[in-house]
Amino acid sequence: VSYIALNTSDFESQVSVSKSEISDYFNDNRANFIEGRKVKVDFVELSLGDMEEPATPDEETLQSLYDDNAELYINPERRRTQHILVESEGLASELLNQINEGANFNEIAIANSVDTSSNDKGGDLGFNERGLMGAEFDEAAFSMNIGDISDVVATDYGYFHIIKLTDIEPETVQSFDDVTEQLVSLNKNNVRKKMLFDLLEDFTSLAYEESLDMVADQFGLKLQTSDYFANGSQQYDDAFVSAAFSEAVIDEGENSEVIELSAEKFVVLALSSLQPEREKELDEVEDQVVSILNNIAAKILIEDLSLAIATALVSGDELMTEKLITDNNLQWNNEGWISRAKELPFGVTSFAFSAPKPIDSERTYSARNVDNLTSLVIDVSGVRLPEEVADSGIAALYLSQENNEMFVSLIKQLRENAEIKIFSDLL
């Protein structure tokens with residue numbers, strides 16, 4: 049199979065549209081150029097950063113916090129390893145035998161490991177704690193002594209390790225004195241969180257009953273106002289946008305419920321102003337319209353060009369075929385023999401197996417519009433039949449029957465599909 053792919057993006061520079069075409073398309077498709085309603089909202093935000101600076105905790109409080117969070121201050125044991133990673137268990141066993149017989153581990157890793165991030169360093173992985181390299185790897189690495197080399201270790205993803213342990217960093221515990229500043233920060237953060245959640249209930253109640261001005265005054269917060277934004281806008285948090293376009297806020301003029309933007313930030317909002325849905329003017333969308341029309345024109349061009357190339361090929365007009373391909377900077381993509389399992393771009397595989405099949409070494413040529421962006425010309429130069437058909441002596445009948453059906457389908461497609469127009473100057 050060989051094919052030529054024609055893409056609209058490669059031909060848009062060859063087409064142009066007039067002012068009248070732009071105006072006509074816009075007027076005929078005004079419904080496609082509607083700007084949805086937008087809102088501007090007032091809002092009050094309550095966050096951890098709004099809480100007062102807590103007092104510095106005493107040593108007894110810090111010691112208790114240290115004891116309660118001892119696991120945070122443990123540096124776990126880490127082990128430095130080298131490894132050789134291969135795809136075959138047989139190869140892994142062979143390499144392990146070579147190492148056990150005296151071959152240099154580093155040299156074997158450089159020559160054979162498929163781990164490109166470490167093979168040039170003799171397979172060195174540096175220091176790692178448990179949980180980073182996979183359960184099978186950890187089980188081997190953390191049961192070895194320095195200098196030991198593991199047996200072949202299978203992984204869940206089908207590869208095989210040979211592991212060498214080169215160093216150990218034992219577990220250490222950071223002392224109370226080493227982490228005092230961290231403990232102070234942790235304590236103050238905990239105090240702020242408690243202050244925030246103590247205030248949240250009152251904040252929620254007041255926001256339900258009173259105006260946002262009063263909420264802001266009561267809690268010493270700033271009343272803020274958003275820009276205009278549409279439903280689905282990425283400018284603000286999804287929950288914020290959803291609340292702004294809720295029935296309660298827009299239709300009933302109520303404050304929203306308190307919105308949790310994160311574990312440390314809450315907001316309540318109310319409608320400030322509403323910008324209704326409107327039709328856009330041509331000058332706002334002219335570039336978009338030009339892009340649409342250029343794409344349509346380029347689509348028609350590649351449809352006609354693909355059909356013209358297929359027609360020239362079928363008629364045996366080599367000069368015209370070469371001219372059409374060369375003048376339009378196209379090229380054949382030669383795939384050779386393919387099966388139905390072969391994944392090719394633009395649906396080429398499916399097209400190839402549905403195209404007319406060659407009989408008596410005669411090639412077949414077809415054209416197809418894949419989508420709004422791509423058209424194909426395909427050359428099927430040979431077919432390898434299933435054994436049961438090839439051996440039955442009815443291969444010619446098999447191909448002839450299929451081709452009769454495919455020819456009817458092809459003619460219908462080329463004439464009717466995608467509203468193809470014929471440009472005589474391409475023929």
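Under this note's numbering, the residue at position 44 of the sequence shown is numbered 92, and the numbers go up by one with no gaps. Backbone N, C-alpha and C fix where the C-beta goes; we use that ideal spot for every residue, glycine too.
Within the same chain, and ignoring the five residues on either side of D427 in sequence, the residues whose Cβ sits closer than 8 Å to its Cβ are V49, S50, Y51, L361, W380, R411, T412 and Y413.
At the C-beta level, V263 and F91 stay beyond 7 Å of one another. Contact check for N279 against K347 fails: the beta carbons are separated by 7 Å or more.
By the Cβ criterion, the stretch 104-119 is in contact with the stretch 216-231, since at least three pairs of Cβ atoms, one from each stretch, lie closer than 8 Å.
Around the beta carbon of T109, fewer than 16 other beta carbons sit within 10 angstroms, so the residue counts as exposed. Using a Cβ distance threshold of 7 Å, N75 and T422 do not count as a contacting pair. When the alpha-carbon of Y207 is set against those of L139, L353, E300 and E332, the nearest one is in L139. Here E155 carries a helix assignment [DSSP, helix/strand/coil]. Here F153 is buried, its C-beta having at least 16 other C-beta atoms within 10 Å.
DSSP assignment within the stretch 254-309 yields the following whole alpha helix (DSSP H) runs of 4 residues or more, N-terminal first: 260-267, 286-292 and 295-298. Classified as buried, Q130 has 16 or more neighbouring CB atoms from the shown chains inside 10 Å of its CB. Taking every protein chain shown into account, the CB of I211 has 16 or more other CB atoms within 10 angstroms, so this residue is buried. The residue from R326, D365 and V232 with its alpha-carbon nearest to that of D106 is V232. In the three-state DSSP reduction, S68 falls in the helix class (H, G or I). In this structure, E125 lies near E219, with their beta-carbon atoms less than 7 Å apart. Checking the DSSP bridge columns, you'll see L322 partnered with V87. Taking the Cα of L319 as reference, the smallest distance to any Cα among G384, K88 and N382 is reached at K88.
Rounded to the nearest whole angstrom, the C-alpha separation of E149 and V201 is 19 Å. Closest in alpha carbon position to E249, among D375, E100 and E305, is E305. The C-alpha of P102 lies about 38 Å from the C-alpha of R178. Each of D261, F399, Q266 and L353 was checked against the Cα of T273, and the nearest Cα belongs to D261.
DSSP places Q111 inside the alpha helix (DSSP H), whose first and last residues are E107 to D116. One thing to note: A183 has its Cβ no nearer than 7 Å to the Cβ of S198. Between I122 and the set D58, Q222 and G395, the nearest pair of CA atoms involves Q222. N417 and T369 have their alpha carbons spaced roughly 19 Å apart. Scanning its chain for C-beta atoms nearer than 6 Å, with the 5 sequence neighbours on each side dropped, one finds around L96 the residues R240, L244 and E312, in chain order. At least 7 Å separates the beta-carbon of S165 from that of I132.
Per DSSP, reduced to three states, the secondary structure at Y413 is strand. A residue is called buried once 16 or more other Cβ atoms fall within 10 Å of its Cβ, and S354 is buried on that count. Under DSSP, the beta-bridge partners assigned to G174 are T129. Within its own chain, the residues whose Cβ lies closer than 7 Å to the Cβ of I158, once the five positions on either side in sequence are excluded, are N167, D168 and G170, listed in chain order. Put simply, of Q62, E295 and A79 the residue whose alpha carbon is nearest the alpha carbon of E325 is A79.
Contact check for L367 against Y73 fails: the beta carbons are separated by 7 Å or more. Distance between M192 and L144, taken at the CA atoms: about 16 Å. Put simply, of I194, S259 and D98 the residue whose alpha carbon is nearest the alpha carbon of N237 is D98. Assignment of L392 by DSSP, reduced to helix, strand and coil, places it in the coil class.
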